[in-house]
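Only one structure is covered here, and it is reproduced in the block below.
Numbering (UniProt numbering), first residue to last: 1 to 254.
Spelled out as structure tokens, the structure:
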């Protein structure tokens, strides 16, 4: 179930929320350093992690599910947020080069439908980033952040879901190795926690981040030397004769 958008905005305005924007956003940018001239769609509450691309991307749109509600984004310039039905996105096929999903798959009651819509609006070969709480991590068990109110995933579950919706997983990252707390001394040492945790216990990160590419199927070429019209050549039946009577007609004709 989706959280209220007002609660999400409030959280990311807090010191802990601003820190998470930096830690999660840093891992996203290792996958997508720039989106120069590309189009980007955010699903869920992805605005805080789309901001670095506002200056370079051709277009950024933050699509917020109706069950969650929507707020204006970004705050300081022309609104680029819209309210959507997650199973019927108001965009044409192959409209976006990239899609980023935060507070989306883990809150949706129909994650498969949401992914299928994301695939539809992605251009051939387009890529998607999904951010979800890790089932093994502490952040999925704590209510200190929105990630504690969501459905957690294991790495295999996340990859299996993406593959079932015709995505190829091409890269993955982890984030949030610090304990889920608002204690200032822990927040100040967050980068140390991240570095140590990534080396020593990567399986226990708070979040899983997966990058996936839209599969594109190619048609099967016709065999050389074959006349394709032979395959489509009809069998003529006399007018007024039912198909089921074809064999009887041929027998009587002989």
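We put the beta carbon where it would ideally sit given N, CA and C, even for glycine.
A quick note: this is a predicted structure, and the numbers were derived from the prediction, not measured.
Are residue 63 and residue 41 touching if we call contact CB-CB under 8 Å?
yes
Which class does residue 30 belong to by DSSP, given the choice of helix, strand or coil?
Helix, per DSSP.
State the DSSP-derived secondary structure class of residue 89, mapped to helix, strand or coil.
Assignment of residue 89 by DSSP, reduced to helix, strand and coil, places it in the coil class.
Leaving out the 5 sequence neighbours to the left and right, which residues in its chain are closer than 8 Å to residue 4 when beta-carbon positions are compared?
68 and 69
State the CB to CB distance for the pair residue 65 and residue 21, rounded to an integer number of angstroms; the pair is presumed to be in contact (CB under 8 Å).
Contact flag wrong, Cβ pair sits at about 20 Å.
One or two residues paired with residue 60 in a DSSP bridge
40
Beta strand (DSSP E) segment containing residue 330, residue limits:
Nothing in the structure corresponds to residue 330, since the chain is present only between 1 and 254.
Proximity to residue 33 [Cα-Cα], best of 44, 134 and 51:
Of the listed residues, the one whose Cα sits closest to residue 33 is 51.
By the 10 Å Cβ neighbour count, where 16 or more other Cβ atoms means buried, how is residue 177 classified, buried or exposed?
buried
Among 189, 216, 179 and 210, whose alpha-carbon lies nearest the alpha-carbon of residue 27?
210
Just the Cα atoms here: how many angstroms apart are residue 114 and residue 194?
31 Å
Considering only the alpha carbon of each residue, which of 124, 136 and 76 lies closest to residue 158?
136
Let me know if residue 236 comes out buried or exposed under the rule of 16 or more other beta-carbons within 10 Å of its beta-carbon.
Its pLDDT being 48, under 50, residue 236 is placed unreliably by the model, and nothing is read from it.
Look up residue 101 in the DSSP assignment and say whether it is helix, strand or coil.
Strand, per DSSP.
From 97, 89, 168 and 75, pick the residue whose C-alpha is nearest to that of residue 59; which is it?
97
Once you ignore the five residues that flank residue 117 on each side, which residues in its own chain have a CB closer than 8 Å to its CB?
86, 87, 88 and 89
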